[in-house]
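Structure first, then comments.
2 protein chains.
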Amino acid sequence: MDFGKNKIECSKLKQKKSKRKVKITFANHLATSQNRGLFSLRFPGASSLPGFQKIMSSQSANEDCLGWAARDPSGVLSPYKFSRRAVGDDDVHIKITYCGVCYADVVWTRNKHNDSKYPVVPGHEIAGIVEKVGSKVQGFSVGDRVGVGTYVNSCRNCEHCNDRLENFCGKGVYTFNGVDADGTVTKGGYSSYIVIHERYCFKIPKDYPLASAAPLLCAGISVYAPMMRHNMNEPGKSLGVIGLGGLGHMAVKFGKAFGLNVTVFSTSMSKKEEALNVLGADKFVVSSDQEQMKASANSVDFIVDTASGDHPFDAYLSLLKKFGVLVLVGFPSEVKFSPASLLLGAKTVSGSVTGGTKQIQEMINFCATKKIYPNIEVIPIQYANEALERLINRDVKHRFVIDIENTLKEE
Amino acid sequence: MDFGKNKIECSKLKQKKSKRKVKITFANHLATSQNRGLFSLRFPGASSLPGFQKIMSSQSANEDCLGWAARDPSGVLSPYKFSRRAVGDDDVHIKITYCGVCYADVVWTRNKHNDSKYPVVPGHEIAGIVEKVGSKVQGFSVGDRVGVGTYVNSCRNCEHCNDRLENFCGKGVYTFNGVDADGTVTKGGYSSYIVIHERYCFKIPKDYPLASAAPLLCAGISVYAPMMRHNMNEPGKSLGVIGLGGLGHMAVKFGKAFGLNVTVFSTSMSKKEEALNVLGADKFVVSSDQEQMKASANSVDFIVDTASGDHPFDAYLSLLKKFGVLVLVGFPSEVKFSPASLLLGAKTVSGSVTGGTKQIQEMINFCATKKIYPNIEVIPIQYANEALERLINRDVKHRFVIDIENTLKEE
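In the order they appear, the protein sequences are chains A and B. According to my numbering, the first sequence is numbered sequentially starting from 1. According to my numbering, the second sequence is numbered sequentially starting from 412.
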């Protein structure tokens with residue numbers, strides 16, 4: 001997960017490989033998706049790494065894992081059988097029961113980065129039950145309720161891994177469409193089971209529904225990590241949340257759990273009822289209403305900005321009090337503002353993607369203790385293609401979760 | 412100093428008042444100045460406040476203060492006699508011995524914001540000796556060596572003032588070209604004496620040269636404040652400094668004093684000798700050399716960016732390690748970068764202007780203890796016009812300081 005390096009490689013790759021047909025095919029998706037860039041960032045350019053050819057020929061005959069995969073840039077998912085590695089000494093074998101639907105699933109099933117390694121089995125918000133453990137596994141036992149997030153490997157020996165911030169490791173491996181240390185292309189949670197090193201596996205407390213746990217593994221940690229990093233957990237402080245998708249709605253919930261006064265900023269008045277009555281925000285501001293925005297100037301200590309469409313940063317920075325912090329977790333095409341917006345009030349703009357394994361477990365435990373549950377819509381795997389379309393059209397409140405256990409069957 | 416509000420008012424004012432002639436006259440200065448925007452930010456739009464007419468008529472006949480003032484947008488300075496208020500109960504009367512030359516002096520003598528209230532007596536890096544004190548003054552005695560910085564008043568009763576962060580006070584008053592609570596237009600340190608409330612006066616330790624103290628009051632605090640706010644004082648960490656003007660060279664000195672490993676990033680190889688041998692930086696990187704920049708990727712914990720010319724933020728953000736912080740104290744025309752530059756590595760861009768009174772005194776004491784002295788070129792007041800020209804052309808290493816005591820005389 002040497003994002004920076006890979007990003008550059010990815011860009012180069014795009015220039016070399018992009019085909020007009022593909023670009024036209026997906027232009028509409030790119031334009032309409034709220035989260036179009038966020039996950040492109042988390043999973044950049046793995047196709048520039050070695051191993052693709054090797055993997056295609058290294059698939060063993062033991063195709064006992066049933067998944068749904070996209071075969072080409074149409075992104076259409078359909079049943080697909082494949083092999084996973086045998087359970088190693090440090091591995092756990094997890095029977096997947098639920099998998100959240102994240103915009104990353106759109107990105108790689110539809111080859112939006114021109115680096116998709118088909119067949120692509122998406123899904124990195126995985127919840128399930130441990131069915132087997134390797135001989136050296138210490139943290140898990142058969143029957144444990146567990147989760148897997150956006151990455152399944154890292155070097156485990158660098159400064160980042162030693163700090164349990166594996167998300168910064170230069171050898172990190174994404175949960176799907178990544179190239180693992182053994183050269184195989186990783187396949188995600190739209191599948192019956194997964195085998196991973198126990199380090200990248202998280203315990204789900206016993207009373208926490210597995211379906212609700214799934215979205216924590218990506219959407220949850222994506223906002224929890226920066227909120228903790230920037231001390232957005234001080235009761236009585238004020239938080240603004242921009243965007244009410246998978247990440248934004250979790251930011252509101254965390255904000256309330258931290259004792260913050262939460263204001264939702266949205267371009268659409270239609271979100272007001274949802275923000276105040278469903279999510280429990282304290283205040284709602286229509287960001288296109290200049291009077292409302294002006295009245296909210298210098299009013300919040302923090303902002304979690306989950307919007308990926310281009311939006312006016314000067315206007316949002318004006319909402320912050322002195323020393324205020326705006327954390328960007330969305331991915332607009334660019335960030336642009338006047339220096340005055342930062343200098344006056346000594347304000348801060350910061351970015352964040354995912355979190356380390358230690359903090360992911362901490363976040364899950366926090367959600368269980370505080371009874372914080374993502375708003376989910378549980379769907380059968382057969383609805384996955386429509387779900388991805390709806391996600392592109394922002395027609396989801398607030399996270400689809402696929403009921404893998406009960407609906408992913410051999411036909 | 413409600414910068415945000417005033418900035419808006421200032422912008423409006425510009426639209427109303429700007430004259431083609433003035434714009435053309437100063438276009439060259441605007442284009443060539445490294446620091447063209449920094450101080451425009453610190454002293455915005457005071458002319459939109461009430462009081463200008465009142466002041467012009469309120470000048471008393473007791474014109475015992477000798478200064479040098481600009482009379483019109485030509486910015487040419489010449490001798491000028493004016494009155495200052497009588498010493499109030501909480502006031503100190505300071506005989507000015509030295510005054511630093513800051514880019515703000517160019518901005519307001521030349522009416523670059525169309526808000527100059529002529530005659531303009533510039534100067535906000537003031538050092539001198541207390542000659543009189545009011546009956547209630549507690550902190551100062553006659554004979555004390557003192558300094559005055561960029562502001563001379565504030566409400567003293569808001570949350571910001573109560574936190575000794577008067578620089579954020581909505582009723583702050585700039586040291587020159589500001590409108591004070593009594594309606595008078597403030598006049599700065601290119602003058603024989605000044606009268607101010609003791610709160611905005613700072614003690615200069617006895618062994619610290621007054622000439623060296625002057626630049627601390629603006630250039631010094633402008634980099635010290637954000638460095639402290641962002642924990643850039645942890646020995647062993649690494650600091651990048653962009654720009655080697657009045658602010659940049661102080662950032663290098665503070666960095667070394669804090670025990671940091673300091674790298675200077677400059678567009679020009681000609682700065683290498685100065686950076687390494689004069690300022691004591693550990694490393695020098697030519698920022699236009701892509702190979703050198705690439706080799707410096709992910710190498711520094713912090714960056715103090717003093718450059719006010721437009722520069723590529725993505726390139727500089729790539730220099731930061733994970734969680735790295737770039738503090739902007741310069742004022743380019745805009746700040747623009749890819750979200751990837753922030754999100755990958757969870758990096759931060761922050762801004763800062765000046766500092767509060769508590770921290771200014773702390774910074775002065777720190778400089779005295781650590782024997783940190785700005786690099787100065789002491790000049791006579793008669794050289795002021797040429798000095799401002801040289802400042803515009805970046806031809807100064809690193810701060811002009813006017814010897815007021817010995818050269819400001821009645822002719």
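For each residue, glycine too, the CB sits at the ideal point set by N, CA and C. Predicted model, so just to flag it, every value in this text is computed and none were measured.
Would you kindly work out how many angstroms separate the C-alpha atoms of residue 428 of chain A and residue 308 of chain A, rounded to a whole number? In the structure displayed, chain A extends from 1 to 411; residue 428 of chain A sits before or after that span and is not available.
Note down the Cα distance separating residue 295 of chain A from residue 317 of chain A, rounded to an integer number of angstroms. 14 Å
May I ask which residues mark the beginning and end of the alpha helix (DSSP H) holding residue 817 of chain B? 815 to 818
Assuming the contact rule is C-beta atoms closer than 8 Å, residue 801 of chain B and residue 787 of chain B should be a hit. Round their C-beta distance to whole Å, please. Between residue 787 of chain B and residue 801 of chain B the Cβ distance is about 14 Å, and since that is not below 8 Å, they are no contact.
Burial state of residue 536 of chain B, where buried means 16 or more other Cβ atoms lie within 10 Å: buried
Flag this pair as yes or no: are the beta carbons of residue 137 of chain A and residue 92 of chain A separated by less than 8 Å? yes
Name the two residues that bound the continuous beta strand (DSSP E) containing residue 745 of chain B. No beta strand (DSSP E) contains residue 745 of chain B, which DSSP labels as neither H nor E.
Establish whether the CB of residue 809 of chain B and some CB of chain A are separated by less than 8 Å. no
Quick check on residue 546 of chain B: does DSSP put it in helix, strand or coil? coil
Which chain B residues sit within Cβ distance under 8 Å of residue 322 of chain A? 571, 576, 579
What are the uninterrupted segments assigned as alpha helix (DSSP H) that are 4 or more residues long and contained completely in the stretch 538 to 585 of chain B, given in chain order? 570 to 573
Give the residues from the stretch 331 to 346 of chain A that approach chain B closer than 7 Å (Cβ to any Cβ), ordered along the chain. 331, 332, 334, 335, 336, 337, 338, 339, 340, 342, 343, 344, 345, 346
Is the distance from the Cβ of residue 240 of chain A to the Cβ of residue 300 of chain A below 8 Å? yes
Quick check: what's the CA-CA separation for residue 597 of chain B versus residue 625 of chain B? 18 Å
With a threshold of 8 Å between beta carbons, is residue 761 of chain B in contact with chain A? yes
Buried versus exposed call for residue 334 of chain A [16 or more other C-beta atoms within 10 Å across all chains shown]: exposed
Cross-chain neighbours of residue 328 of chain A in chain B, by beta carbon under 8 Å: 750, 753, 754
Checking contacts by CB at 8 Å: is residue 229 of chain A closer than that to chain B? yes
By alpha-carbon positions, which one of B:760, B:686, B:475 ends up nearest to residue 732 of chain B? B:760
Thinking C-beta only, is residue 224 of chain A closer than 8 Å to residue 254 of chain A? yes
Ordered along the chain, which non-local residues of its own chain (more than five positions away) have a Cβ less than 6 Å from that of residue 721 of chain B? 743, 744
Just tell me which of A:282, A:344, A:174 has its CA closest to the CA of residue 261 of chain A. A:282
Have a look at A:78, A:62, A:74 and flag the residue whose alpha-carbon is nearest the alpha-carbon of residue 68 of chain A. A:78
Among residues of its own chain, excluding the 5 on either side of residue 378 of chain A, which ones have a beta-carbon nearer than 6 Å to its beta-carbon? 211, 401, 403
Is residue 264 of chain A close to the ligand ATP? I mean its beta-carbon at under 7 Å from any heavy atom of the ligand. Among the components of this structure there are no ligands whatsoever, and the ligand ATP is therefore not found.
Cβ closer than 8 Å: which chain B residues qualify as neighbours of residue 353 of chain A? 754, 755, 757
Specify, as a first and last residue, the run of the alpha helix (DSSP H) that residue 313 of chain A falls within. 313 to 317
If you follow the beta strand (DSSP E) that residue 78 of chain A is part of, which residue opens it and which one closes it? 77 to 82
Measuring alpha carbon to alpha carbon, tell me which residue in B:780, B:496, B:819, B:585 is nearest residue 563 of chain B. B:585
Residue 263 of chain A - DSSP class collapsed to helix/strand/coil: strand
Give me, in chain order, the residues of the same chain whose beta-carbon lies closer than 7 Å to that of residue 72 of chain A; leave out the 5 immediate sequence neighbours on both sides. 118
Counting only beta-carbon atoms, is residue 523 of chain B nearer than 8 Å to chain A? no
May I ask which residues mark the beginning and end of the beta strand (DSSP E) holding residue 612 of chain B? 612 to 614
Decide if residue 782 of chain B is buried, meaning its Cβ has at least 16 other Cβ atoms within 10 Å, or exposed. exposed
Check for me: the beta strand (DSSP E) holding residue 65 of chain A runs from which residue to which? 65 to 70
Relative to the C-alpha of residue 481 of chain B, which residue among B:576, B:725, B:557, B:522 is closest? B:522
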